[in-house]
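K.L.:
Below you will find the structure I want to go over with you.
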Ligand code: KG4
Ligand code: ZN
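Residue numbers (our numbering): 28 to 323.
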């Protein structure tokens, strides 16, 4: 509900900023610059953020720049490991995005391909619901999958040249659940047996990861990158982290700690730091762009 989300942003923003600044001994006085997300996202929320930032920067005499949320994810890897110099290839996997992005040099990035339908995290969330696991689905599916047999239910590993697609895999899980004998489904239509839930979770997770690894490999072949990063909420998945490390060894694979995988403000600061360094502050009147396609 975009309207409610924007109102909640307005109510929370000062408290959130103040509590973040608590970490600095001098609070606001310790800041050298500010940076704010100007897209992609909900227009109302982006407006609350940018107007707040413009007001604060003006009042404090601080330089300010607007950055892309996606650049933040790409730079979360650099923040986790500042020795990670471009060019590096980032697999950005979250609830809203699944794309391969090449950071050619600081400030210059190219999107090599993305999902045609659902994002990977969205697929984890939808499949979790189909098999009776709670939201957010990613951690629940990962937990259930540990006790599961990934070979019991063969599921398709979709391959789309230059991209990803998760809706077919999700539908295959739906049909698999639908085709279970009636006695094996609860009144709400989810599998009754815990082992079946685990086996489905394991099969789905394996197929999703196989597609991500294959898509990343294809993107890597189109670049000269020798370093790989996996970022975004789904990068919290241990099986995905292990699969990427194993598949691309001996290439260096950077996966940020959990706190930098899921959406966070530090990554926006990291992207903004590079932007300020390269291009200087934005003039007043930062323009929000709900469908911004910018990766550095
Ligand atoms: O980056 P994020 O915090 O927010 C968005 O920008 O979307 O990502 C959230 C997504 C959710 O879909 C969630 O299910 C997924 O990340 N996720 C995971 C795991 N932890 C979070 N997916 C798979 N395995 C996990 N352990
Ligand atoms: Zn995000």
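Even glycine gets a Cβ: it sits at the ideal position worked out from N, Cα and C.
On the DSSP letters alone, give me the boundaries of the beta strand (DSSP E) that residue 256 sits inside.
P.N.:
Residue mapping note: residue 256 aligns to position 229 of the chain shown, counting from 1. 254 to 258 is the extent of the beta strand (DSSP E) around residue 256.
K.L.:
Let me know the alpha helix (DSSP H) ranges lying completely inside the segment 109 to 176, each 4 residues or longer, listed in chain order.
P.N.:
Taking only runs of at least 4 residues, the alpha helix (DSSP H) segments lying wholly in the segment 109 to 176 are 147 to 157, 164 to 172.
K.L.:
In whole angstroms, what separates the C-alpha of residue 77 from that of residue 308?
P.N.:
Mapped onto the chain shown, residue 77 falls at position 50. Mapped onto the chain shown, residue 308 falls at position 281. Taking the straight line joining both Cα atoms gives about 14 angstroms.
K.L.:
Use the C-beta contact count for residue 269: other C-beta atoms within 10 angstroms, 16 or more gives buried, fewer gives exposed.
P.N.:
Here residue 269 corresponds to residue number 242 of the chain shown, with the count starting at 1. The residue in question, residue 269, is exposed, as its Cβ has fewer than 16 Cβ neighbours within 10 Å.
K.L.:
If you draw a straight line from the C-alpha of residue 92 to the C-alpha of residue 202, how long is it?
P.N.:
Here residue 92 corresponds to residue number 65 of the chain shown, with the count starting at 1. Here residue 202 corresponds to residue number 175 of the chain shown, with the count starting at 1. Their Cα atoms are separated by approximately 48 angstroms.
K.L.:
At a cut-off of 8 angstroms, would you count residue 261 as near the ligand KG4, judging by its Cβ distance to the nearest heavy atom?
P.N.:
Start at 1 with the first residue of the chain shown, and residue 261 comes out as number 234. Because some heavy atom of the ligand KG4 lies under 8 angstroms away, the Cβ of residue 261 counts as near it: yes.
K.L.:
May I have all residues whose beta carbon comes closer than 5 angstroms to any heavy atom of the ligand ZN, sorted in chain order?
P.N.:
Taken from the N-terminal end onward, the list reads 121, 290.
K.L.:
Mind checking whether residue 183 and residue 199 have CB atoms under 9 angstroms apart?
P.N.:
The residue you call residue 183 lines up with position 156 of the chain shown. The residue you call residue 199 lines up with position 172 of the chain shown. In contact: residue 183 and residue 199 (Cβ atoms closer than 9 angstroms).
K.L.:
So is the beta-carbon of residue 206 under 8 angstroms away from any non-hydrogen atom of the ligand KG4?
P.N.:
As a position in the chain shown, residue 206 is number 179, starting the count at 1. Flag unset: Cβ of residue 206 not near the ligand KG4.
K.L.:
With 16 as the cutoff for other CB atoms within 10 Å, does residue 214 come out buried or exposed?
P.N.:
Stepping through the chain shown from its first residue, residue 214 is reached at position 187. The residue is exposed, with fewer than 16 neighbouring Cβ atoms inside 10 Å.
K.L.:
Are the segment 285 to 301 and the segment 32 to 41 touching, with three or more C-beta to C-beta distances below 8 angstroms?
P.N.:
The segment 285 to 301 vs the segment 32 to 41: no contact.
K.L.:
Give every residue of the same chain whose Cβ lies closer than 6 angstroms to the Cβ of residue 280, excluding the five residues on either side of it in the sequence, and list them in chain order.
P.N.:
Taking the chain shown and counting its residues from 1, one reaches residue 280 at position 253. Cβ within range, chain order: 255, 271, 272.
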